[in-house]
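Residue numbers (the numbering used here), protein chains in the order written: chain A, 1 to 111; chain B, 1001 to 1111; chain C, 2001 to 2111; chain D, 3001 to 3111.
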């Protein structure tokens, strides 16, 4: 959602625009997620190999943190594009995006 | 943490026993981790397919929670076996396990 | 972050407006915070009275959750007002707010 | 709960012993909690004074972290004393403590 016009209630993204706000960071997010897939496979292998619990826990903490970093990046992209664009273009659309964002933050904070 | 002999002859794990406390739940942990691997691949696919940020975030929250469930299970197994066994057998070994556990909890709580 | 004038003459907050985005929910936030103060005093009293660790921990979890609820409310207010207003009025101001928000989210998620 | 005897089902804490495991760190926990009370009052004052949202959020993160540090300390004390002592003295009591601990960890991790 990148083609915004003005604050005066202009039509939303151009048809064909990516329906999300992370277009600019898509390859970063994918690279992180591929790394996380490998990390999870590594944790599975550790358990399969009967590795020491504490070492498995250390690795799980690292994966959890890496996932939360991706979530943070997506939240940032989302506010930066979807929420801001919607707010610029149309109060009702902005309101809807803000409600969605609050729910996503709630889930990310595990509340 | 398993082949220790207690001060009062507490029964010890058989020699050759797995060097960790999650032997009883190993297949549960592996099943959860395989599911998590699939979930992470699903998140990657969502980003690759330009799915809406909020939906990706919802899925990341689910994966994070699933990982923390595995961490909780491992912590429980660890206290139940490694820490308790060490404490029963030898104060110094118990102390070492407790120090390790505190660090693992700290990382799991992200402090 | 309120007395900025947009490039396209977007309506700006009245001069003298509160310099924050939570004006509408200020009394809610204060009520929650007063309750949290009481809860923390309650935890202190529990420890002072040698209450059982697990019961103290349950109460600390409740306080932590209540604090995170206030943080969530403030984040929501902040995006809803400060970030959106800044983005509407001036790209550079919007950018600055977004950078600040990302840092605040990072701290709130403890990354 | 500090006066344990042996692994052979010995009588639990002496009558009159504090019914919790944090006796050794009670004054530390109280000092931290008093500081946290002051921090929460500080957050209330910030909101009352219409301080900038991001600054309030930064302070809330600090309080949350301080509370989680107290939780971590209590968990450590609890495993170190209550769980270990119970496990040493009586399998059924140990089992009960371990179940309680798993629930407390679950709440602390917000699962």
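Virtual Cβ for every residue (Gly too), placed ideally from N, Cα, C.
Given the structure is predicted, the values throughout are model-derived calculations rather than measurements.
Residues of its chain near residue 1036 of chain B, where Cβ-Cβ distance is below 7 angstroms and the 5 sequence neighbours each way are ignored:
Leaving aside the five residues that flank residue 1036 of chain B on each side, the residues in its chain whose CB is nearer than 7 angstroms to its CB run, in chain order, 1063, 1066 and 1067.
Measure the Cβ-Cβ separation of residue 2084 of chain C and residue 87 of chain A and say whether it is below 7 angstroms.
Their beta carbons are under 7 angstroms apart, which means residue 2084 of chain C touches residue 87 of chain A by this criterion.
So what does DSSP say about residue 3050 of chain D, is it helix, strand or coil?
DSSP places residue 3050 of chain D in coil when its eight states are reduced to three.
Between residue 2020 of chain C and chain D, is there a C-beta pair that is closer than 7 angstroms?
So, interface residue.
By Cβ distance, which residues of its chain are closer than 6 angstroms to residue 108 of chain A, with the 5 residues on each side in sequence left out?
Counting only Cβ-Cβ distances below 6 angstroms, and skipping sequence neighbours, we find 71.
7 angstroms is my cut-off, CB to CB: does residue 83 of chain A come that close to chain B?
Contacts with chain B at 7 angstroms (Cβ-Cβ) do not include residue 83 of chain A.
Does any residue of chain B have a CB that is nearer than 7 angstroms to the CB of residue 3043 of chain D?
No, residue 3043 of chain D does not count as interfacial toward chain B.
Run through chain B and tell me which residues come within less than 9 angstroms of residue 3104 of chain D, C-beta to C-beta.
Correct list: empty, because the minimum Cβ distance to chain B is about 11 angstroms.
Going along the stretch 3056-3080 of chain D in order, which residues come within less than 9 angstroms of chain C, judged by CB to CB distance?
Across the stretch 3056-3080 of chain D, CB contacts with chain C closer than 9 angstroms involve 3056, 3057, 3058, 3060, 3061, 3062, 3063, 3064, 3065, 3067, 3068, 3070, 3071, 3074, 3075, 3077 and 3078, in sequence order along the chain.
Tell me which same chain residues have a C-beta within less than 7 angstroms of the C-beta of residue 1098 of chain B, skipping the five on either side of it?
Excluding sequence neighbours, residue 1098 of chain B sits near 1083.
Neighbourhood of residue 1048 of chain B by C-beta, 7 angstroms cutoff - its chain only, sequence neighbours within 5 removed:
Setting aside the 5 residues that flank it on each side, residue 1048 of chain B has no residue in the same chain whose C-beta is closer than 7 angstroms to its C-beta.
Can you list the beta strand (DSSP E) stretches of 3 or more residues lying completely in the stretch 35-100 of chain A, in chain order?
Here no run is fully enclosed.
Can you tell me the Cα-Cα spacing of residue 3002 of chain D and residue 1033 of chain B, whole angstroms?
Note on residue 3002 of chain D: pLDDT 38, under 50, position unreliable in the model; the coordinate value appears next. Distance between the alpha carbons of residue 3002 of chain D and residue 1033 of chain B: 39 angstroms.
So the candidates are B:1074, B:1058 and B:1057; which of them puts its Cα closest to the Cα of residue 57 of chain A?
Per the Cα distances, B:1074.
Going along chain D in order, which residues have a C-beta closer than 8 angstroms to the C-beta of residue 1109 of chain B?
Taking a Cβ-Cβ cut-off of 8 angstroms, the neighbours of residue 1109 of chain B in chain D comprise 3068, 3071, 3072, 3108 and 3109, given in sequence order.
Interface residues of chain C facing residue 3037 of chain D [CB-CB closer than 8 angstroms]
Against residue 3037 of chain D, the close residues of chain C are 2037, 2040, 2041 and 2044, in the order they occur along the chain (beta-carbon pairs closer than 8 angstroms).
Would you verify that the beta carbon of residue 1165 of chain B is, or is not, closer than 7 angstroms to some beta carbon of chain A?
Chain B is shown only over 1001 to 1111; residue 1165 of chain B falls outside these bounds and no answer can be derived.
Where residue 105 of chain A falls: helix, strand or coil (DSSP):
Here residue 105 of chain A sits in helix by DSSP.
Does DSSP classify residue 1030 of chain B as helix, strand or coil?
Helix, per DSSP.
Contact defined as beta carbons within less than 8 angstroms: I believe residue 2020 of chain C pairs with residue 3052 of chain D. What is the distance between those atoms, to the nearest angstrom?
That pair is a contact at about 5 angstroms.
Option nearest residue 2104 of chain C by Cα separation, candidates C:2094, C:2078 and C:2089
Here the closest residue by C-alpha is C:2078.
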